[in-house]
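Chemist: Following the working numbering, the numbering of the sequence shown begins with 21 at its first residue and continues without gaps.
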Amino acid sequence: MIDPWADEEDDMEPLPDDDPVLNVARKDVDHSLENYTWADLEEGMSKQWWRLTHLYYIIDKFGKRILFRPNADQARLYDDMWYQNIVLKARQRGFTTFIDIFFLDRCLWNDDVEAGIIAHNREDVSKIFRRKILYPYENLPELLKETRPTKSKSKTEIEFTNNSIISVGTSMRSGTLQLLHVSEFGKVCARYPEKAREIVTGAFEAIHTQTGESLLFVESTAEGRAGYFYDFCKEAQDRDKEGREPTPQEFKFHFFPWWDNTDNLQEEPVPIVQAMVDYFAEVEAKIGRKLSPAQRHWYVTRWARLGDDMKRENPATPEEAFESAIKGAYFSSQFAQIRKEKRICSVPYQPGIAVKTWWDLGMNDVMSIWFSQDIGREIHIIDYYENSGEGFEHYWEEMQKRGYLYGRHYAPHDISVRELGANGRSRWESAAKIGLHFIKVPRVKRKMDSINAARRFLPICWFDKVKCSKGIARLEGYRKDWNENLQTYRDTPLHDVNSNGADAFQTLAMGHDFRVAMGAAITIKQESSKGWT
Numbered sequence: 021m022i023d024p025w026a027d028e029e030d031d032m033e034p035l036p037d038d039d040p041v042l043n044v045a046r047k048d049v050d051h052s053l054e055n056y057t058w059a060d061l062e063e064g065m066s067k068q069w070w071r072l073t074h075l076y077y078i079i080d081k082f083g084k085r086i087l088f089r090p091n092a093d094q095a096r097l098y099d100d101m102w103y104q105n106i107v108l109k110a111r112q113r114g115f116t117t118f119i120d121i122f123f124l125d126r127c128l129w130n131d132d133v134e135a136g137i138i139a140h141n142r143e144d145v146s147k148i149f150r151r152k153i154l155y156p157y158e159n160l161p162e163l164l165k166e167t168r169p170t171k172s173k174s175k176t177e178i179e180f181t182n183n184s185i186i187s188v189g190t191s192m193r194s195g196t197l198q199l200l201h202v203s204e205f206g207k208v209c210a211r212y213p214e215k216a217r218e219i220v221t222g223a224f225e226a227i228h229t230q231t232g233e234s235l236l237f238v239e240s241t242a243e244g245r246a247g248y249f250y251d252f253c254k255e256a257q258d259r260d261k262e263g264r265e266p267t268p269q270e271f272k273f274h275f276f277p278w279w280d281n282t283d284n285l286q287e288e289p290v291p292i293v294q295a296m297v298d299y300f301a302e303v304e305a306k307i308g309r310k311l312s313p314a315q316r317h318w319y320v321t322r323w324a325r326l327g328d329d330m331k332r333e334n335p336a337t338p339e340e341a342f343e344s345a346i347k348g349a350y351f352s353s354q355f356a357q358i359r360k361e362k363r364i365c366s367v368p369y370q371p372g373i374a375v376k377t378w379w380d381l382g383m384n385d386v387m388s389i390w391f392s393q394d395i396g397r398e399i400h401i402i403d404y405y406e407n408s409g410e411g412f413e414h415y416w417e418e419m420q421k422r423g424y425l426y427g428r429h430y431a432p433h434d435i436s437v438r439e440l441g442a443n444g445r446s447r448w449e450s451a452a453k454i455g456l457h458f459i460k461v462p463r464v465k466r467k468m469d470s471i472n473a474a475r476r477f478l479p480i481c482w483f484d485k486v487k488c489s490k491g492i493a494r495l496e497g498y499r500k501d502w503n504e505n506l507q508t509y510r511d512t513p514l515h516d517v518n519s520n521g522a523d524a525f526q527t528l529a530m531g532h533d534f535r536v537a538m539g540a541a542i543t544i545k546q547e548s549s550k551g552w553t
């Protein structure tokens, strides 16, 4: 563990039931500690791991008051802790409880520490503060509370007389934090992308881990292959694969799968269908270990209840965690079928067959391109590219680097719109000037027409798993806008980082030669670009 408070020489040891000092914090003994002196407790109190395993009471999942004793996953997180930690987890492993008690302990035993906890909604702000902060503090032995009194207290914040403070909210605007915990960040990214951006650009910047005195924890279950949480997890995983240790300014990846939880056992046998037998064989091949019958029975029982949400709530691998569809996603059922049929795989370029390109020219300065080949009655999506702040020359160079034999290039109708600047030239004219000639795909009357066209095309598409990985994430992340006031989805797409890639694919669906057979018959004209070349 990287410990900024290195003077505390913590040794993680088992918690014996007959530990006499452990009895100090039990419900059936005198919490006044009248029978003990500080000398009796001095050795234990000087070590944070001892304090975390001996002093704090919580309410468990059954509503009972119990002494907090870290489970195996919580202990592993403590032991593997880094300056910046990103935690991809299975459900109900108690990381919020552990991290927040860890923060409370830091504030109680160190002066001038400011800790912040960001919950993903207002209801959880109150719940986290009451159950994870206030309750453990109020249930400390009285002698300890007397030595660590509060200076002020509200419904979301406690300040102690040692000038340390711990607060819970849906955002943190403090200029400086030493400790920050963001709970269920995947949900925030999926439901509230602007709030996620505010957290990254605001609260994250208040943490200065390069000094070695601050810690950041970001934990969540997965919510689809898009957003900051997915990106941070993937970047950290990539570093692990390269064998490179993160810097203090980079995230360390922690993953806690369902099969590593000793609670996930069921002795009572249940019927196991062939699809589950195949799944378990696939998981065992990936993780390099056998699953016990009790683990299999547990999984099958849970899967019968959760269905498609099982992989998100109880993933076996990081990749599986992010396969689950985002709520409100337009193409969730189509991609579930694509993955079931294993149509995300190696899809190499076929020399001698023309490559068509499908564009979206975003008004937000982002351009997205899909590269496809028609192979029989299938569409092979062999590549994807996006960028921003670049002219057509850049994209033309990127296309040439790939060495593909190009056929036609398709762009949405608004490519003909003339822009301010650039001599009032339209983007279509600008592209034609360098030899990139587009076919314009007419505008649809209703956005759902092009979305439905894309849905009809996806069953005949195969995607290259490497070159199209970002584009696939864009399609899977494309979702309905959320109405916070009505707590429901609008009938319009959310405009975020996924929009341009998804719109480019809709250019394909509305402009491809197969569109007549797929029920999207429209007239497409290739207009002359003479005069601009």
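Every residue gets a Cβ at the ideal spot worked out from N, C-alpha and C, and that includes glycine.
Does the contact criterion of 3 or more C-beta pairs under 8 angstroms hold for the segment 331 to 345 versus the segment 239 to 254?
Modeler: Yes: at least three Cβ pairs fall under 8 angstroms.
Chemist: In chain order, what residues of the same chain lie with their CB nearer than 7 angstroms to the CB of T176, ignoring the 5 residues before and after it?
Modeler: V145, F149, S187, V188 and G189
Chemist: Do you know whose CA, among E288, G308 and V107, lies nearest R316's CA?
Modeler: E288
Chemist: With DSSP as the reference, label T176 as helix, strand or coil.
Modeler: coil
Chemist: DSSP three-state call for E239: helix, strand or coil?
Modeler: strand
Chemist: Could you tell me the distance, in whole angstroms, from the CA atom of S388 to the CA atom of P432?
Modeler: 12 angstroms
Chemist: Spatial neighbours of Q526 within its chain, please: CB distance less than 6 angstroms, with the 5 preceding and 5 following residues excluded, ordered by chain position.
Modeler: S470 and A474
Chemist: How many angstroms separate the CA atom of D523 from the CA atom of P462?
Modeler: 13 angstroms
Chemist: Once DSSP output is grouped into helix, strand and coil, what is the label at D132?
Modeler: The DSSP-derived three-state label of D132 is coil.
Chemist: For the structure I just gave you, are there three or more beta carbon pairs, one from the segment 274 to 287 and one from the segment 132 to 141, closer than 8 angstroms?
Modeler: no
Chemist: Of all the beta strand (DSSP E) runs that stay within the bounds of the segment 418 to 504, which reach a length of 3 or more residues?
Modeler: 426 to 432, 458 to 461, 481 to 484 and 500 to 503
Chemist: Take the Cβ of L42 as the centre, count every other Cβ of all protein chains shown within 10 Å, and call the residue buried at 16 or more, exposed below.
Modeler: Residue placement at L42 is poorly supported in this model, since its pLDDT is 36, which falls under 50; the coordinates are not used for a value here.
Chemist: Straight-line CA distance for E456 to L381?
Modeler: It is worth fixing the name first, because residue 456 is Leu in this sequence and not Glu. Those two C-alpha atoms are separated by around 14 angstroms.
Chemist: Only counting the same chain, and skipping five residues up and downstream in sequence, which positions put a Cβ closer than 7 angstroms to that of M330?
Modeler: Shown here for M330: same chain residues with a beta carbon closer than 7 angstroms to its own, the five before and five after excluded, namely R322 and W323 in chain order.
Chemist: Along the chain, where does the alpha helix (DSSP H) that runs through F534 open and close?
Modeler: Counting along the chain, F534 falls outside any alpha helix (DSSP H), and DSSP gives it neither H nor E.
Chemist: Report the residue from G263, H414 and Q370 whose alpha carbon sits nearest the alpha carbon of Y426.
Modeler: Q370
Chemist: Which whole runs of the alpha helix (DSSP H) in the segment 101 to 172 are 4 residues long or more, in chain order?
Modeler: 115 to 129, 142 to 148, 155 to 158 and 162 to 167
Chemist: Where do the ends of the beta strand (DSSP E) carrying E255 lie?
Modeler: Unbroken run through E255 is the alpha helix (DSSP H), Y248 to E262; no beta strand (DSSP E).
Chemist: When DSSP labels each residue in this structure, what does D329 get in the three-state scheme?
Modeler: helix
Chemist: Report the residue ranges of all alpha helix (DSSP H) runs contained in full by the segment 257 to 321; include only those spanning at least 4 residues, in chain order.
Modeler: 294 to 307
Chemist: Looking at the structure shown, is R510 part of a helix, part of a strand, or coil, going by DSSP?
Modeler: strand
Chemist: For the beta strand (DSSP E) holding F391, just list the boundary residues, first then last.
Modeler: That run of the beta strand (DSSP E) goes V386 to I395.
Chemist: Since W390 and G491 are thought to touch, with beta carbons under 8 angstroms apart, how far apart are those beta carbons, to the nearest angstrom?
Modeler: Distance from W390 to G491 at the Cβ level is roughly 6 angstroms; contact confirmed, criterion being Cβ atoms closer than 8 angstroms.
Chemist: Looking only at its chain, what residues have a beta carbon closer than 7 angstroms to the beta carbon of K485, apart from the 5 residues adjacent to it on each side?
Modeler: I364, C365 and S366
Chemist: Tell me which residues share the same chain as N159 and place their Cβ nearer than 7 angstroms to its Cβ, disregarding the 5 neighbours each side in the sequence.
Modeler: Y77
Chemist: Run through DSSP, which three-state label would S344 get?
Modeler: Reduced to three states, the DSSP call for S344 is coil.
Chemist: Consult DSSP for L53 and reduce its assignment to one of helix, strand or coil.
Modeler: Low confidence applies here, because L53 scores a pLDDT of 48, under 50, leaving its location unreliable and the question unanswered by this model.
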